[in-house]
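Following: one structure in structure tokens, then a few remarks.
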Amino acid sequence: LINRRLCELGRGGIGVVYKTSLQEGRPVAVKKLTDSGLIKSQEEFEREMRKLGKLMHKNIIKIKGYYWTQSLQLLSYEFVSGKLIQTSPWGRVRLLDLA
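Now the structure itself:
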């Protein structure tokens, strides 16, 4: 379903984001959670994904899917091309911790 070619877009406190494409060629962003970002319980992980799936705002990228095992967790987002938030005209942006 996902093309094997990955292009790293960035790294953050809880994961690494890659650009790849689905088999039909549509680009997607995939975040691989780091060990420190892993949620050990599948039930808790799915609960958090349901919460994220309900968020609706023009500045929030929609989650399209996820994958969970205790040792590997992935989040799939629609891919949005453009400037990084760090290079926005507003300068340094403080991110809201939704946890």
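Following my numbering, the numbering of the sequence shown begins with 145 at its first residue and continues without gaps. By construction, the Cβ of each residue, glycine as well, lies at the ideal position given by its N, Cα and C atoms. As the structure is a computational prediction, the values presented were derived from the model and not from experiment.
| Asked | Found |
| --- | --- |
| Name the DSSP beta bridge partners of Gly209, please? | Ser220 |
| So, is Lys198 buried or exposed, given that buried needs 16 or more other C-beta atoms within 10 angstroms? | exposed |
| In the DSSP assignment, find the beta strand (DSSP E) that holds Arg170 and state where it starts and stops. | From DSSP, Arg170 is part of no beta strand (DSSP E); its letter is neither H nor E. |
| Decide if Tyr211 is buried, meaning its Cβ has at least 16 other Cβ atoms within 10 Å, or exposed. | exposed |
| Just the Cα atoms here: how many angstroms apart are Gly159 and Glu168? | 26 Å |
| Could you name the residues of the same chain whose beta carbon sits closer than 6 Å to that of Glu152, not counting the 5 residues immediately before and after it, in chain order? | Tyr162 |
| Give the range of the alpha helix (DSSP H) segment to which Lys198 is assigned. | 186-198 |
| Using the Cα positions of Glu191 and Leu216, report the straight-line distance between them to the nearest angstrom. | It is Arg, not Glu, that sits at residue 191 in the sequence shown. In a straight line, the C-alpha of Arg191 is about 17 Å away from that of Leu216. |
| Would you decide whether Leu219 is buried or exposed? Buried here means 16 or more other CB atoms lie within 10 Å of its CB. | buried |
| Taking only the alpha-carbon atoms, compute the straight-line gap between Leu166 and Gly181 and give it to the nearest angstrom. | 25 Å |
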